[in-house]
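*Asks:* Just so we're aligned, residue 60 is where the sequence shown starts under my numbering, counting upward by one.
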Amino acid sequence: MNKYHKNLTPEKWQSFSKSIQILNVCAELSRAKNWLIKKNERLVLDSLNRAFELIDLTTDDEKWRHGLNELLRFREVLADFYLTKNKDVDVFISICKALLYLNKETALVKI
60 MNKYHKNLTP
70 EKWQSFSKSI
80 QILNVCAELS
90 RAKNWLIKKN
100 ERLVLDSLNR
110 AFELIDLTTD
120 DEKWRHGLNE
130 LLRFREVLAD
140 FYLTKNKDVD
150 VFISICKALL
160 YLNKETALVK
170 I
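1. Sort 143, 70, 156 and 142 by Cα distance to residue 130 and report the nearest one.
2. Under 8 Å, do residue 69 and residue 147 count as touching if we go by C-beta distance?
3. I believe residue 162 touches residue 89 by the beta-carbon criterion, under 8 Å. Please report the beta-carbon distance rounded to the nearest angstrom.
4. Taking residue 166 as the reference, give the member of 63, 127, 64 and 82 with the closest Cα.
5. What did DSSP end up calling residue 109 once you bin it into helix, strand or coil?
6. Using a Cβ-Cβ cutoff of less than 7 Å, which residues in the same chain neighbour residue 154 once the five nearest sequence positions on both sides are dropped?
7. Beta-carbon separation of residue 101 and residue 63 under 8 Å?
8. Quick one: Cα of residue 125 to Cα of residue 116, how far?
Right, here's the structure in full:
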């Protein structure tokens, strides 16, 4: 059961294309970036937790069988950022760009 996206089933999530999944995760990361700029640590972490939930749903999706290692590595880098005390906006933007680069359709999206 999802804690944050209560109405989102794994089946529904898996019906989305890779690019739509990535963009949904990026939407949460964008919220985190905005709260990071406003220096609201609690809301940054809330947004990141929602992003982790979507990433975890993504790792269970068969269409990510090729590229799963990169997705898991992205999750690991994001987790390191999550645990960092002094969160830098520029570092965070670089992390977000790494997710977008996992798919050729989302690689062109500007942050």
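The C-beta atom is built at its ideal place from N, Cα and C for all residues, glycine as well.
*Replies:* Taking the coordinates as given:
1. The residue labelled residue 130 in the question sits at position 71 within the sequence shown. Ranking 143, 70, 156 and 142 by Cα distance to residue 130 puts 156 first.
2. Taking the first residue of the sequence shown as position 1, residue 69 is located at position 10. Taking the first residue of the sequence shown as position 1, residue 147 is located at position 88. Their beta carbons are not under 8 Å apart, which means residue 69 does not touch residue 147 by this criterion.
3. Counting from one through the sequence shown, the residue named residue 162 turns up at place 103. Counting from one through the sequence shown, the residue named residue 89 turns up at place 30. Contact doesn't hold; Cβ gap of about 17 Å is too wide.
4. Within the sequence shown, numbered from 1, the residue matching residue 166 stands at position 107. When only C-alpha atoms are compared, the closest one is 82.
5. What you label residue 109 is simply residue 50 of the sequence shown in a count that begins at 1. Of the three classes helix, strand and coil, the one that applies to residue 109 here is helix, per DSSP.
6. Taking the sequence shown and counting its residues from 1, the one referred to as residue 154 is at position 95. These residues qualify, in order along the chain: 136, 137 and 140.
7. Here residue 101 refers to the residue found at position 42 of the sequence shown. Here residue 63 refers to the residue found at position 4 of the sequence shown. The answer is no: Cβ separation not under 8 Å.
8. In the sequence shown, residue 125 corresponds to position 66, counting from 1. In the sequence shown, residue 116 corresponds to position 57, counting from 1. About 16 Å.
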